[in-house]
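Notes to accompany the following structure.
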Amino acid sequence: MVLLANFILFFIGASLRVFTGKLDRFEKTSEMLINFNRQSNVRLQQMNERFLLHTRTLVEMKKDLDSVFRRIWTQKGKIAKQYSEAFSSEFISLEEDDDEFDPVPTSSTESCDTSPDVISPTVSRCSEDLSQEPSSSQSTRIKDTNVDAVNLNNSSSD
């Protein structure tokens, strides 16, 4: 009988040590998951702020581009009225040239997942590294565009 009681006490003590060890591991795992969750929430908030900033920037850029294209069409209309004969003959020849031109390259029709709920640590093939300086051809195009924009603004104020 004493032997049975000692066996039961030994079994209960061993079980308590095992369960205590498992409880410690579960508490440590729970703490690690809580920390991970906290860090994930901070990162999500940062990404949401960046996403909203980029969205606002894109909306502003779209408004600016709409304004620029509206000015271009206005200038084109004024020029068409002033020089209707020369403009109409040039416009016809440009339309013939446009038949050979594909305005949408096939590479730009590929899908780019830019949804905010898909956050990848790698740079997608659709994004640019804006920290890089533009190449010489890009900077030349930017300068040409700026000169054209200045010329357009000067001519529209006349």
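According to the numbering used here, the sequence shown holds residues 516 to 673 in order.
For each residue, glycine too, the CB sits at the ideal point set by N, CA and C.
None of these values were measured; they are calculated from a predicted model.
CA-CA distance, Thr-544 and Gly-528?
24 Å
Between Ile-594 and Phe-602, is the Cβ-Cβ spacing less than 8 Å?
yes
Using three-state DSSP, classify Met-516 as helix, strand or coil.
coil
Any beta strand (DSSP E) of 3 or more consecutive residues that is wholly inside the stretch 560–587
none
Kindly list the residues whose CB is nearer than 8 Å to the CB of Phe-541, restricted to its own chain and excluding five residues on each side of it in sequence; keep chain order.
none
Lys-591 to Ser-599 span [Cα, whole Å]
11 Å
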